[in-house]
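Take the sequence shown: its position 6, counted from the start at 1, is 5 in numbering that gives the first Met the number 0, and no numbers get skipped.
We put the beta carbon where it would ideally sit given N, CA and C, even for glycine.
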Amino acid sequence: MKRFASRLLAFAGLLTVEVLFGAVLFVVAFAVFFYLVRVVFVHHSLALDGWASDLVDGWQRTWPGLYGPVRFVTFFASLPFLLPASIIAPLLLNRAGHRREAKELVLVMAGAVLLNQLLKLYFNRPRPANAVLHTFGLSFPSGHAMLGLTFYGCLAWLLARHFGRPGWAAPLLLWAGLIGLTRVCLHAHYATDVLAGFAGGAAWLVLFRAGLKLFWKEEKVLLGEEII
0 MKRFASRLLA
10 FAGLLTVEVL
20 FGAVLFVVAF
30 AVFFYLVRVV
40 FVHHSLALDG
50 WASDLVDGWQ
60 RTWPGLYGPV
70 RFVTFFASLP
80 FLLPASIIAP
90 LLLNRAGHRR
100 EAKELVLVMA
110 GAVLLNQLLK
120 LYFNRPRPAN
130 AVLHTFGLSF
140 PSGHAMLGLT
150 FYGCLAWLLA
160 RHFGRPGWAA
170 PLLLWAGLIG
180 LTRVCLHAHY
190 ATDVLAGFAG
200 GAAWLVLFRA
210 GLKLFWKEEK
220 VLLGEEII
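Structure representation (structure tokens):
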């Protein structure tokens, strides 16, 4: 009985606000992703995609000069940007003495790229036929949305948790959201692709953080180091 009570207390000690928030976020993101899978691949519904497409087309007619800024914003989650950024940022973190943070950024991005490609191959959804910006590859889930949320979400986490800059979190996440919106504006993705990319990126971030925390806890036990 005493052993059970001690284990229960130890488990309760793990239920921090951070852990509870992460668990809720993972469940919500997971549920949203598979809801979108049902909408697109089971019910074959185009209602949301059609509504979003008509909406952004209306923006384009109202503001004809919108195309240039949209192409500028979408670049910041493209491979030509994210690939060097995912190398340079960890190098800068490592040089500043933040080795674990540098490894975290590299690993989370590598995992996100692999997961996104596997999901694209599995669902095998073609891109919209009316794309303004022609892009190779498959459509579901959006790589810009998923990788953008992973990259900027990880940066937001590192700045808030490790560098005492929580004020950067909201702008970075809003920036990732804006990048996802540009994919719909350019008809490079359906709206459901982008929403699924956000959901997949959020779920992957939470899952990765949980796994990393467990790994570091084991490392602390084995090496006697302090977990950051």
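Check your understanding: Are the region 161-177 and the region 108-127 touching, with three or more C-beta to C-beta distances below 8 angstroms?
Key -> No: the two stretches stay apart, fewer than three of their Cβ pairs being nearer than 8 angstroms.
Buried versus exposed call for residue 53 [16 or more other C-beta atoms within 10 Å across all chains shown]: Result: exposed.
* Asked: Among 46, 33, 49, 103, which has the Cα closest to the Cα of residue 122?
  -> It is 33.
| field | Same chain only: Cβ atoms within 6 angstroms of residue 31, ignoring 5 sequence neighbours per side | value | Contacts found: 198.
task = Could you tell me which of 104, 213, 184, 195 sits nearest to residue 158, measuring between CA atoms?
result = With distances taken between Cα atoms, residue 158 lies closest to 104.
Proximity below 8 angstroms, CB of residue 147 to CB of residue 119 | The Cβ atoms of residue 147 and residue 119 do not sit closer than 8 angstroms to each other.
* Asked: So what's residue 26 in DSSP terms, helix, strand or just coil?
  -> For residue 26, the three-state secondary structure derived from DSSP is helix.
message: Give me the residue from 102, 74, 45 with the minimum Cα distance to residue 153.
response: Taking each of 102, 74, 45 in turn and checking the Cα distance to residue 153, the smallest one comes out for 102.
*asked:* Going by C-alpha to C-alpha distance, which of 189, 96, 144 sits closest to residue 179?
replied: Checking every option, the nearest Cα to that of residue 179 belongs to 144.
TODO: Could you give the DSSP three-state label for residue 136: helix, strand or coil?
DONE: The answer is coil: DSSP assigns residue 136 none of H, G, I, E or B.
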